[in-house]
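Structure first, commentary second.
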């Protein structure tokens, strides 16, 4: 696996690279933007994790998958599943994220450091957005 090649973070975005896991002999890294929105809980689930901020995995071609922060955090430590998404550690430095859709399943390998950085930034962004603003 290529190490995470992170670009500069722009606000609440972490840029990294990931490998799409296939049964073919070669995989190339693809750019992925991890977008943090601390104020937008996912509305399409009645689950507790939906009340938390989400991290949006944005792939080339416009494909986006919202992942509840709590699910991502659990998946960094051990196998976790929520709805159509499964996350589990792979060795000591990688994490597998599996996205299930009616037409296909995408298995994507990330360096855990990029996902951990994203989770930490989401907490910082949540704390910043919950502080009262001071106006003069």
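Numbering (the working numbering), first residue to last: 316 to 451.
Built from N, CA and C at the ideal position, the CB exists for glycine as well.
Based on the DSSP secondary-structure assignment, which residues constitute the bridge partners of residue i?
i, result
"residue 369", "352 and 383"
"residue 401", "396 and 413"
"residue 332", "346"
If you draw a straight line from the alpha carbon of residue i to that of residue j, how long is it in whole angstroms?
i, j, result
"residue 328", "residue 381", "13 angstroms"
"residue 389", "residue 401", "10 angstroms"
"residue 392", "residue 428", "12 angstroms"
"residue 377", "residue 395", "25 angstroms"
"residue 369", "residue 379", "12 angstroms"
"residue 422", "residue 438", "26 angstroms"
"residue 417", "residue 399", "10 angstroms"
"residue 350", "residue 419", "23 angstroms"
"residue 414", "residue 424", "11 angstroms"
"residue 386", "residue 430", "12 angstroms"
"residue 334", "residue 406", "15 angstroms"
"residue 342", "residue 331", "16 angstroms"
"residue 452", "residue 372", "The structure shown has nothing for residue 452, since the chain only spans 316 to 451."
"residue 441", "residue 397", "22 angstroms"
Suppose contacts are defined by Cβ-Cβ distances below 8 angstroms. Is residue i in contact with residue j by that definition?
i, j, result
"residue 347", "residue 374", "yes"
"residue 410", "residue 404", "yes"
"residue 257", "residue 367", "The requested residue 257 is not part of the displayed model; the chain covers only 316 to 451."
Which residue marks the beginning of the beta strand (DSSP E) containing residue i, and which one marks its end?
i, result
"residue 426", "419 to 426"
Does the stretch 332 to 346 come within contact of the stretch 431 to 441, defined as at least 3 CB pairs closer than 8 angstroms? no
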